[in-house]
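The block underneath contains the structure these notes are about, expressed in structure tokens.
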Amino acid sequence: MFFISGYFAFIISFLDATATATHLLVATVFGCGGIFVFLITNLSLSTIKQVKKVAILEADNLEIKSIKERLETILNSVAEGIVTFGSNGEILSVNRAAEELFKCKEKDMLGTQLTKYIRFPEVEYQLEKTNSIDYFDFLKNHHDREKEAIGIDSQGREFPIEAKIRLTNLDGVPCLTALVSDITEKKAFIEKLTYMAQRDPLTGLYNRKHFIDELERLVERTKRSQRPSGAVLYIDLDRFKFVNDTFGHSAGDKLLKEVADLLRERTRKGDMLARFSSGLASRFGGDEFTILLYDCDEEGAKSAARSFHQRIMDYVFSYNGKQINIGCSIGIALITPDCKNSEDVLSRADFACHLAKQAGRNTVKIFNLESKDQMDHVKIDINWSNRIKTALKKEAFLLAIQPIVHVKSKEIYAHEVLLRMKDERGHIIMPGGFIPAAERFGLMKDIDIWVIKNAIKLLVDSEAKKKINRLSINLSAQAINDEGLLKVIEETIQGFLISPETLVFEITETTVFSDLAAIKRFLHGLKKLGCLTALDDFGARFSSFSYLKELPIDLVKIDGPIVRDIGFDSLDRAVVKAINDVAHVLGKKTVAKFVEDELCLRLLEETGVDYIQGFITGAPILLNEFTTKPPS
Numbered sequence: 004m005f006f007i008s009g010y011f012a013f014i015i016s017f018l019d020a021t022a023t024a025t026h027l028l029v030a031t032v033f034g035c036g037g038i039f040v041f042l043i044t045n046l047s048l049s050t051i052k053q054v055k056k057v058a059i060l061e062a063d064n065l066e067i068k069s070i071k072e073r074l075e076t077i078l079n080s081v082a083e084g085i086v087t088f089g090s091n092g093e094i095l096s097v098n099r100a101a102e103e104l105f106k107c108k109e110k111d112m113l114g115t116q117l118t119k120y121i122r123f124p125e126v127e128y129q130l131e132k133t134n135s136i137d138y139f140d141f142l143k144n145h146h147d148r149e150k151e152a153i154g155i156d157s158q159g160r161e162f163p164i165e166a167k168i169r170l171t172n173l174d175g176v177p178c179l180t181a182l183v184s185d186i187t188e189k190k191a192f193i194e195k196l197t198y199m200a201q202r203d204p205l206t207g208l209y210n211r212k213h214f215i216d217e218l219e220r221l222v223e224r225t226k227r228s229q230r231p232s233g234a235v236l237y238i239d240l241d242r243f244k245f246v247n248d249t250f251g252h253s254a255g256d257k258l259l260k261e262v263a264d265l266l267r268e269r270t271r272k273g274d275m276l277a278r279f280s281s282g283l284a285s286r287f288g289g290d291e292f293t294i295l296l297y298d299c300d301e302e303g304a305k306s307a308a309r310s311f312h313q314r315i316m317d318y319v320f321s322y323n324g325k326q327i328n329i330g331c332s333i334g335i336a337l338i339t340p341d342c343k344n345s346e347d348v349l350s351r352a353d354f355a356c357h358l359a360k361q362a363g364r365n366t367v368k369i370f371n372l373e374s375k376d377q378m379d380h381v382k383i384d385i386n387w388s389n390r391i392k393t394a395l396k397k398e399a400f401l402l403a404i405q406p407i408v409h410v411k412s413k414e415i416y417a418h419e420v421l422l423r424m425k426d427e428r429g430h431i432i433m434p435g436g437f438i439p440a441a442e443r444f445g446l447m448k449d450i451d452i453w454v455i456k457n458a459i460k461l462l463v464d465s466e467a468k469k470k471i472n473r474l475s476i477n478l479s480a481q482a483i484n485d486e487g488l489l490k491v492i493e494e495t496i497q498g499f500l501i502s503p504e505t506l507v508f509e510i511t512e513t514t515v516f517s518d519l520a521a522i523k524r525f526l527h528g529l530k531k532l533g534c535l536t537a538l539d540d541f542g543a544r545f546s547s548f549s550y551l552k553e554l555p556i557d558l559v560k561i562d563g564p565i566v567r568d569i570g571f572d573s574l575d576r577a578v579v580k581a582i583n584d585v586a587h588v589l590g591k592k593t594v595a596k597f598v599e600d601e602l603c604l605r606l607l608e609e610t611g612v613d614y615i616q617g618f619i620t621g622a623p624i625l626l627n628e629f630t631t632k633p634p635s
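Spelled out as structure tokens, the structure:
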């Protein structure tokens, strides 16, 4: 006795002398251990035909079995769960990924209803609207598109899934197949991104952009209904600057977070609280908050404003054993059908807050539609916003430059890029005329990107290249907090094939105080690109030195008003020397601004300042005049 491990067979046909056909079946049977046996037998023609038929069927069955095994292997290797179900909703087959997804074996899933494991809220919603819709007819009629659904595992745990329904057939019977995948992590990531896009990272309140988007929707609704629909409260903390300047940015951050919590407690469910100012675009920054009151009339708005005002009046800020009363000024603007857009409403609220400050601070004022002066102010404000947008579209902004010169060699180190605006009559408008409005209406990012692209273009211009070897570009807080700005800078550098070291990006000391962590990330990003960085207006605050060593900067630009008076103010002279000494210890170069006379220049040379900028070395000059002027 032996075990058969395999065989093969073949048929031999031959004719004898009488032309009679003889058919022999020859088979070789293999046994374990190398034993094999020959079998030879004589078969009739009909038997031979039958053997061939059986052989063909056996080969077909083997091929079908092989194909089926290959398909099962493929189905069980894909990442998505595959669930096939009939028109009655009964599950007909599942793959291994589906078993793992729903934590259930195939044998337990087969024959059960699909809705035990997958629910389609979209279908359920349609069924609620009309009972005439069949659940599976709806899926069949809306196949071949991804739907978000709810998965339910064998323990009853619900989780989000993405399902794509396809028409198919199983053994000739029409059915549906769902390709499903768990999107728990994907949804969590999207929710995190959405949160980051809508929220102020410091306080967790809504940010400027999201607030304005929501306000815009409410203004449009008000214009359609022709009825007042709410109000905006603009809240300015009266002593935030004192806290920030005296105790530093950590104290300022603590104050803002505590005030945010106080306001959050008093905000009605459904109303929107945001942090709002001309600071960073992702939050309204600084010391300003806004509250959007829905379905609120004038009396309701006044009552809400008084409540918020009283809560902040009662609040005492504590820091390092010191206690400080804060107080606030609040401006109210009603959202009425005559409001043109969100900018109009915010300008009214901002102006009302300004009136509250003028009235001695720590009070509440409402924007008066009957006041011609107040309406005129808002019209001017809105007009500036529109002019800036038009200037961006029609290239009505102009670049000017001013040299930054080495103190000893008098060689030009770089040119600072400055901005001007041309009005409809061709007159030049200085930055003080349009920057405040651009900050209020969140337009600084667009302006900065325009400046970056046009300034970098200079470094490849044949005429400008003869006189410019490096440019220093100012960046606003709004632009810096936009996560896409670094990408814009990188793509522009690559697009014009320039060396990153030919660019210095300046940020002001005030910008740093708005969000130190975000500024540090941005500066590190610039350094990674290979660009140089500068801290502008340094020395304007008491706590400047405490964070200078934390910032990855190459240049410290000393605040102009301090430099300008060193010829006759010994205190300013001492401050300049202290800044210069500390910067050098930290390995940073210094630039003195507002250098206007020989005495100031001589004192700066004695102090050891590296570079100077001011009228003594060259006044700002429009770019078109600079490129046509002979080299000096």
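Just so we're aligned, residue 4 is where the sequence shown starts under the numbering used here, counting upward by one. Glycine included, every Cβ here is placed at the ideal spot set by N, Cα and C.
Suppose the cutoff is 6 Å on Cβ atoms and the five residues either side in sequence are ignored; what does the same chain contact list for residue i look like?
i	result
E223	none
T536	F508, L526, L529, I556, D557
L258	V246, F320
L488	A482
For a test of the three-state rule: what should DSSP assign to residue i, helix, strand or coil?
i	result
I569	coil
D264	helix
M424	strand
I471	coil
Y322	strand
F292	strand
I43	Residue confidence for I43 is low, a pLDDT of 49 falling below 50, so the modelled location carries little weight; the figure read from the coordinates is stated next. In this structure, I43 counts as strand in the three-state DSSP scheme.
T171	strand
R122	strand
H312	helix
S253	helix
F508	strand
I155	strand
I483	helix
S306	helix
D87	Strictly speaking, residue 87 in this sequence is Thr, with Asp absent from that position. DSSP places T87 in strand when its eight states are reduced to three.
R286	Any reading at R286 needs caution, since the residue's pLDDT is 33, under 50, leaving its predicted position unreliable; the model's value is listed next. Three-state DSSP puts R286 in coil, outside helix and strand.
T23	Residue placement at T23 cannot be trusted, given a pLDDT of 49 that sits under 50; the coordinates are not used to answer.
C331	strand
D239	strand
V97	strand
From what residue to what residue does the beta strand (DSSP E) around residue i run?
i	result
A399	Counting along the chain, A399 falls outside any beta strand (DSSP E), and DSSP gives it neither H nor E.
T593	592 to 595
T180	176 to 185
R227	From DSSP, R227 is part of no beta strand (DSSP E) but of the alpha helix (DSSP H) over 211 to 228.
C299	It is not in any beta strand (DSSP E) - C299 carries neither H nor E in the DSSP assignment.
A537	535 to 541
Q411	Reading off the sequence, residue 411 comes out as Lys, not Gln. Element bounds for K411: n/a, residue is neither H nor E.
State the Cα-Cα distance for the pair residue i and residue j, rounded to the nearest angstrom.
i	j	result
Q229	D341	9 Å
A362	I315	18 Å
T505	A417	8 Å
E161	F123	12 Å
F400	D300	42 Å
E509	K592	14 Å
V579	K190	53 Å
P177	Y297	53 Å
L205	A263	10 Å
G570	L538	24 Å
G255	L574	27 Å
I407	E217	45 Å
P439	E127	52 Å
L532	P503	7 Å
M199	L95	43 Å
G273	A307	14 Å
Enumerate in chain order the residues of its own chain whose CB-to-CB distance from residue i is below 7 Å, with the five nearest sequence positions on each side excluded.
i	result
A284	Because the pLDDT at A284 is just 28, under 50, the model does not fix this residue reliably, and the value given afterwards should be weighed accordingly. Only R211, K212, G445, K448, Q481, N484, D485 meet the Cβ criterion.
P607	For clarity, residue 607 is Leu in the given sequence; the question names Pro instead. Result list for L607: V410, A595, V598, I615, in chain order.
F541	E512, S547, V559, K560, I561, D562, I582
L240	V262, D290, I329, C331
Cutting at 8 Å between CB atoms, please list the residues of its own chain near residue i, excluding the five before and the five after it.
i	result
L402	V420, L421, L422, R423, V454, N457, A458, L461, L625, L626
Tell me the residue span of the alpha helix (DSSP H) that contains residue i.
i	result
C603	601 to 610
A355	345 to 361
A520	519 to 532
| message | Runs of 4 residues minimum, wholly inside the stretch 432 to 467: which ones carry the alpha helix (DSSP H) assignment? | response | 434 to 443, 447 to 461
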